[in-house]
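Below you'll find the structure, written out as structure tokens, and then a few comments.
Residue numbers (the UniProt record's numbering): 1 to 221.
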């Protein structure tokens, strides 16, 4: 019997919940341990992730400790997705899925994260970096929209781990843009992206994780 994987995360961070979606989709037993921001940059957590960030996992079934969300997702799929539910073994699809995951990790997450920081958390309002990162969000969305035009998913005819990797950061857009969000009209201006994201958020695993995140935030963890 598979022992539960321990997933370290924080309520407000999209990256741990991104990993949780994959765990849910693959029906892998797991438990989430919330790490408070006050504890994240010091031991004992830095013994698990020397970088002092979430997510990280500990898998008692293989005795691996792993951090960085993209690496964790690839590990979970390669280790536990025996039916290739969220991936392909065929060429070139196998590598195209990796391509889109790497784009999410390098092109979506960091820019969306910086936009959130300068919009909501920086100690002073700085228009130049705020505009730069918000503009980059729109550019990333436009890239996805172009790639998805005429398609339901990024690669092939099924949802893969690459599609799902984008969901949690996409859910942050209303928070990042605030009152400006409605004026961007993603449904009209980026219809392929909008339809794709909507279909992903309707998946049972995504809905469960969304509720779990909301419940964790309500508890104040």
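We put the CB at the ideal spot given by N, CA and C, even for glycine.
On the criterion of 16 or more Cβ atoms from any shown chain inside 10 Å, does residue i qualify as buried, or is it exposed?
i           : result
residue 15  : buried
residue 115 : buried
residue 49  : buried
residue 24  : buried
Which same chain residues end up closer than 7 Å to residue i when comparing Cβ atoms and leaving out the 5 residues on each side of it in sequence?
i           : result
residue 81  : 26 and 87
residue 108 : 140, 166 and 169
If we call anything under 7 Å between Cβ atoms a contact, is residue i one with residue j?
i           : j           : result
residue 111 : residue 133 : yes
residue 178 : residue 93  : no
residue 57  : residue 7   : yes
residue 97  : residue 183 : no
residue 148 : residue 21  : no
residue 66  : residue 73  : no
With a CB to CB cut of under 8 Å and the five nearest residues on each side skipped, what residues in its chain are close to residue i?
i           : result
residue 181 : 173 and 174
residue 171 : 14, 201 and 210
residue 35  : 8, 9, 10, 45 and 54
residue 101 : 70, 73, 74, 161, 162 and 165
residue 31  : 4, 5, 6 and 7
residue 42  : 52
Rounded to whole angstroms, what is the Cα-Cα separation between residue i and residue j?
i           : j           : result
residue 198 : residue 150 : 16 Å
residue 243 : residue 208 : Beyond the ends of the chain as shown, which are 1 and 221, falls residue 243; an answer cannot be given.
residue 53  : residue 216 : 18 Å
residue 245 : residue 191 : Nothing about residue 245 can be read from this structure; the chain reaches only from 1 to 221.
residue 213 : residue 17  : 7 Å
residue 189 : residue 70  : 29 Å
residue 195 : residue 125 : 33 Å
residue 205 : residue 2   : 19 Å
residue 51  : residue 185 : 37 Å
residue 28  : residue 158 : 20 Å
residue 33  : residue 19  : 13 Å
Looking only at its own chain, which residues have a Cβ that is under 6 Å from the Cβ of residue i, when we skip the five neighbours before and after it?
i          : result
residue 12 : none
Report the start-end ranges of each beta strand (DSSP E) in the region 30–90 that is 3 residues or longer and not cut off at the edges.
Listed in chain order, the complete beta strand (DSSP E) runs (minimum 3 residues) inside the region 30–90 are 30–34, 56–59 and 64–67.
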